[in-house]
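*Asks:* Got a structure for you, questions after.
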């Protein structure tokens, strides 16, 4: 009976226990939401390049953990509400997703989402769906750097609970559309962070920002009009970045800023200061910007603002300033002591100005980035700068420093990664003290264009990029340099190094660039390049090398640039190089190469070749028609190239030397759209093949100083990009084709000293050519050599003639002109012409060139950073926005 009475208590106990236990158990993810997420996953492939950002290093694709055997609330990137198991957070940042983001994506079934991060993926130019506006509970939305394109839908303004909105585009892909910035923000009254970057907003800045706003970042968004003064009075504003809006007029309030007490980061580079008087001292002095007590400001960016004059010496109130950039202005005078006295300074960028005098000692012990490139600063280097344990980047390039160097003076810079002392007058204090056991974190050392003498120093073992060209180094290249296992770029050009090229270069596992041009190197090229080597650029121009072109170059499948010009190589034409899939530049000029260029059975040779210069050799026979037919890269603009690029990478831009009549100049960067054929000063004969007219993107053609016969092919009129044509000193007959008059970009023409007859075509560019372009053709008439252009008369020359008088004239002329020479006179026209042709033929619609270049620059730098450079950039996240 007693047990029966206790039964209700026992049942109650069990019930309460089960109730409590069940409340502790997590609710399972609703099946429909799990299916929606899996359906979303199926829409994309995993591609590491889709999240190739420095911020994504080491992160794995989060959707790899998504499968039906695990509750979806446990999946990576998925967070559920504890009681209902509704998915409230989805973080797919850096998940390597690639594919189209559909407007009706299953992700929109997650109606309870409060936080959504899809940044740093590749959604393949998808439009941002209006359905994003249906997440009524959303407080955080990040769609940055995920290749969305088109208009930002107005439905985004329905997200009334949104506290953070981040959308970063790629310059031209995103626009705000017709609803303007003010309309987008009209309901977003809870916003704390607004970051819209690199897109076409093309709007004025509205005054109706949320008073809660702490971050306002709108760089590169084509804003215009006047910045409302109310922005400076937002009480909680900590970061203001309006950079790269050149049509935005900024006028600082006369009254005290309400935000001055909270503002920590101010970036106004590239805007239009309407109230900045000249000189610069008035800007820094008693008015506007610096009449407040800026004790909280940590970062100030005023670069690229056309500021002039000196910085005043009496500025105060910046005791918290950590990052200061005033680069790319026209500031002059000395760098004032208040800058070097900043106690917390970490980042200083004053490059591209006209500062002079000596640097003062720095008070801060926390410096990690100093860039004073391109000024007129003088020695000595401050001792305080050489005792910065945290310093990662130091550039004193292009100044007037003349210190005596030895590496031990930098021994306290234990974290230094980049040291750039180029374009100064440094010399060695004691070359014997150059030790490789110092600066073991250094990976980028630039000593170009100084007064360094003696033997070649061996840099630290950590080095990746070593530039020491344009000095006075002598002696042999030591083979110990081959022990630098991380070395990617070795630039020893324009010194007085002698002897043989070390054969061990071919065994260096990381080497991508070998630039040994303009030295006194001799002997044969004994370097044996191993299979799979990463060599991209090999430049031996202007030495005394003999023998044959090394056959082991066939193993350099990544080779893009090969310059062996101006040596004494004795070989036949290296048709075998045509199998290299990436070769773009081949320069073999001024050697002792010889023989005919024979037909090859191999098809698709030289598929990427854009520049070939084999002039001033001993080649003979017919022009290589089969070779010209293979030049696919010269037949059309590369549709895969989003914008024009330079040949090279982030660390090294390839260059070529151009010459004319004994004068030479260096093109320090090769435009990837230069398309050049120079076969001049050989012994080619026969006809000019008509297939040359298929090379429609050809820019420069030089066939001069050969023994070519026949007519000038009319097909040359189809080479619409042609800017320079030199057919002089041959045996060509017939008339000048009237089709050449249609070449509207033709800036240089020489058909002199041939057997041409008839009338010179008139109109377009032919009206600009001088008589020297046509001299030495006795039966040629018309402007500019004569006014008479009647009948042919009796002097019609057969199309194939070989008078000995012309041969004698060739030998005695002493005249030399090459495709390079044309660039000296027509450099500007060349670049402008190429750009115009590219725009018309490739994209077929008007677009601003600077926007194209901005897009390329962002993508190239992002895709080509290495890990150590990424580490450096990681610190630069502290830098100016």
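In mature numbering (1 follows the signal peptide of the UniProt record, and there is no 0), the protein residues as written are -24 to -1, 1 to 857. Glycine included, C-beta positions come from ideal geometry on N, C-alpha and C. Note that this is a predicted model, so its numbers are computed, not measured.
Is DSSP giving residue 5 helix, strand or coil here?
*Replies:* coil
*Asks:* Which runs of the alpha helix (DSSP H), 4 residues or longer, sit entirely within the stretch 2 to 64?
*Replies:* 7 to 18
*Asks:* Would you call the stretch 477 to 484 and the stretch 422 to 442 touching, i.e. three or more CB-CB distances under 8 Å?
*Replies:* no
*Asks:* Can you list, in chain order, the residues of its chain with a C-beta nearer than 7 Å to that of residue 534? Leave out the 5 residues immediately preceding and following it.
*Replies:* 510, 511, 512 and 558
*Asks:* Is it a yes or a no for the stretch 88 to 100 touching the stretch 37 to 45, going by three-plus beta-carbon pairs under 8 Å?
*Replies:* no
*Asks:* Please report the residue range of the beta strand (DSSP E) in which residue 309 lies.
*Replies:* Element bounds for residue 309: 306 to 309.
*Asks:* Among the candidates 69, 77, 433 and 63, whose CA atom is the shortest distance from the CA of residue 85?
*Replies:* 63
*Asks:* At what residues does the beta strand (DSSP E) containing residue 345 begin and finish?
*Replies:* Taken as a continuous stretch (DSSP letters only), the beta strand (DSSP E) holding residue 345 covers 345 to 347.
*Asks:* Identify the continuous alpha helix (DSSP H) that holds residue 715 and give its terminal residues.
*Replies:* That residue, residue 715, is in no alpha helix (DSSP H); it is neither H nor E in DSSP.
*Asks:* Please determine, among 225, 186 and 198, the residue with the shortest C-alpha to C-alpha distance to residue 209.
*Replies:* The alpha carbon of residue 209 has as its nearest neighbour, out of 225, 186 and 198, the alpha carbon of 186.
*Asks:* Scan the stretch 313 to 354 and note each continuous alpha helix (DSSP H) run of 4 residues or more that stays entirely inside, going in chain order.
*Replies:* 313 to 316
*Asks:* In angstroms, rounded to a whole number, what distance separates the CA positions of residue 76 and residue 157?
*Replies:* Rounded to whole angstroms, residue 76 to residue 157 spans 27 Å at the Cα level.
*Asks:* In the DSSP output, what is residue 394 paired with across the bridge?
*Replies:* 369 and 420
*Asks:* For residue 528, which residues of its own chain have a beta-carbon under 6 Å away from its beta-carbon, when the five flanking residues on both sides are left out?
*Replies:* 504 and 505
*Asks:* Rounded to the nearest angstrom, what separates residue 525 and residue 493 at their Cα positions?
*Replies:* When rounded, the distance between both Cα atoms is 16 Å.
*Asks:* On the three-pair Cβ rule with 8 Å, is the stretch 574 to 586 touching the stretch 537 to 557?
*Replies:* yes
*Asks:* Let me make sure I understand the geometry here. Which of 307, 228, 297 and 280 has the alpha-carbon closest to that of residue 287?
*Replies:* 307
*Asks:* Between the Cα of residue 487 and those of 508, 495, 472 and 502, spot the shortest distance and give me the residue it belongs to.
*Replies:* 508
*Asks:* Rounded to whole angstroms, what's the CA-CA distance from residue 812 to residue 723? Just pull it up for me.
*Replies:* A caution first: residue 812 carries a pLDDT of 41, below 50, which makes its placement in the model unreliable, though a value can still be read off. Those two C-alpha atoms are separated by around 15 Å.
*Asks:* Would DSSP call residue 426 helix, strand or coil?
*Replies:* coil
*Asks:* With a CB to CB cut of under 8 Å and the five nearest residues on each side skipped, what residues in its chain are close to residue 246?
*Replies:* If the five residues before and after residue 246 are omitted, its C-beta is found closer than 8 Å to the C-beta atoms of 219, 220, 221, 222, 279, 280 and 281, all from its own chain and listed in chain order.
*Asks:* Beta-carbon separation of residue 386 and residue 395 under 8 Å?
*Replies:* yes
*Asks:* Is residue 207 helix, strand or coil by DSSP?
*Replies:* helix
*Asks:* On a CA-only basis, which of 107, 517 and 683 is nearest residue 498? Give me that one, please.
*Replies:* Among 107, 517 and 683, the Cα nearest to that of residue 498 is on 517.
*Asks:* Sort out for me which residues DSSP pairs residue 448 with in a bridge.
*Replies:* 429, per the DSSP bridge assignment.
*Asks:* How is residue 536 classed by DSSP in three states: helix, strand or coil?
*Replies:* Here residue 536 carries a coil assignment [DSSP, helix/strand/coil].
*Asks:* How many Å lie between residue 545 and residue 521 at the Cα?
*Replies:* 6 Å
*Asks:* I need the DSSP call for residue 364, collapsed to helix, strand or coil.
*Replies:* coil
*Asks:* Within its chain, find whatever has a CB closer than 6 Å to the CB of residue 565; leave out the 5 residues flanking it on each side and keep chain order.
*Replies:* 541, 589, 591 and 592
*Asks:* Thinking just about the alpha-carbon of each residue, which of 217, 114, 49 and 129 is nearest to the one in residue 79?
*Replies:* 129
*Asks:* Which stretch, first to last residue, makes up the alpha helix (DSSP H) that contains residue 159?
*Replies:* Residues 156 to 161.
*Asks:* Note down, in chain order, each residue of its chain lying with its Cβ closer than 8 Å to the Cβ of residue 716, except the 5 sequence neighbours on either side.
*Replies:* 688, 692, 693, 701, 722, 725, 737 and 742
*Asks:* According to DSSP, is residue 474 part of a helix, a strand, or is it coil?
*Replies:* strand
*Asks:* What residue range does the beta strand (DSSP E) around residue 171 cover?
*Replies:* Taken as a continuous stretch (DSSP letters only), the beta strand (DSSP E) holding residue 171 covers 169 to 173.
*Asks:* Could you check what DSSP says for residue 858 in three-state terms: helix, strand or coil?
*Replies:* Since the first residue shown for the chain is -24 and the last is 857, residue 858 is missing from the structure and cannot be characterised.
*Asks:* Whole angstroms are fine: how far does the CA of residue 27 sit from the CA of residue 560?
*Replies:* Each residue's Cα considered, the two are about 29 Å apart.
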